[in-house]
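Last residue of the sequence shown: number 177 in full-length UniProt numbering, and the count goes up by one each step with no gaps. For every residue, glycine included, the Cβ atom is placed at its ideal position computed from N, Cα and C. Here the structure is a predicted model, which is why all the values come from computation and not from measurement. One structure below.
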Amino acid sequence: MTPPAGALTDLDRALTPLREAPGAPRWTPPERWHLTLLFLGAVPAEQVEELVAAAGPTVAATPPMSLRLAGAGRFGTRRRPQVFWAGVTGDDAALRVLAARLAAVARRLGLPVEDRPFRAHLTLGRWRPGRPGDGDLPERLAGHRGPGWPVTEVELLESHLGPVPRYDRVAAWPVGR
């Protein structure tokens with residue numbers, strides 16, 4: 001799910017003083033920022049249509065919700081940080097339920113699903129392994145509270161790795177319809 005432009009612009013502005021800080025991660029470009037509800041890895045082409053059809057009713061049954069990008073944190077330890085992320089607040093309980101329901105859909109289709117708790121976040125950057133990283137940097141964004149927004153849709157994105165990674169939209173479903 002992609003937050004609206006206003007929320008992304010607000011967060012991008014808040015990150016400006018951190019972008020050149022010593023020990024900063026490799027920043028993800030704002031045009032690639034999105035909230036991942038479920039990571040599936042490679043889905044066989046013959047199952048994509050089935051996934052799209054099965055996920056639609058699950059998303060439609062989700063009650064309307066509002067979210068906000070707020071605060072920040074990291075995955076990894078302070079000394080060996082891995083991922084710098086922005087937090088998500090608002091109707092995050094409803095978001096967790098939706099993520100669990102989408103994982104159940106994928107499992108029913110026989111797709112491998114990561115077995116770890118869902119934590120709503122937006123990845124802002126990744127520290128390179130073996131390089132010095134400032135694991136305290138996310139604390140400088142702790143007070144950030146961006147504008148709230150109503151969640152209107154959930155997207156299925158296909159990631160393409162390579163020199164210029166990108167995400168292509170495969171499908172989208174309205175929330176709460």
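- Exposed is the label assigned to residue 116, since fewer than 16 other Cβ atoms lie within 10 Å of its Cβ.
- In the structure shown, residue 16 falls within a helical segment according to DSSP collapsed to helix, strand and coil.
- When the alpha-carbon of residue 71 is set against those of 120, 56, 171, the nearest one is in 120.
- Residue state for residue 62 is assigned as coil, using DSSP reduced to three classes.
- The alpha carbon of residue 137 has as its nearest neighbour, out of 48, 160, 126, 168, the alpha carbon of 126.
- Classified as exposed, residue 161 has fewer than 16 neighbouring CB atoms from the shown chains inside 10 Å of its CB.
- Around the beta carbon of residue 26, fewer than 16 other beta carbons lie within 10 angstroms, which makes this residue exposed.
- The beta carbon of residue 21 sits closer than 7 angstroms to those of 134, 137, all from its chain and outside the five residues before and after it, given in chain order.
- Per DSSP, residue 95 is not a residue of any beta strand (DSSP E); the alpha helix (DSSP H) it occupies stretches across 92-108.
- When the beta-carbon positions are compared, residue 34 and residue 77 stay at least 7 angstroms from each other.
- The continuous beta strand (DSSP E) containing residue 153 extends over residues 153-160.
- The three-state secondary structure of residue 51, taken from DSSP, is helix.
- Residue burial is scored here from C-beta neighbours: residue 168 has fewer than 16 other C-beta atoms within 10 angstroms and is therefore classed as exposed.
- Taking a contact as a CB-CB distance under 8 angstroms, the pair residue 93 and residue 11 does not count as one, their CB atoms being some 22 angstroms apart.
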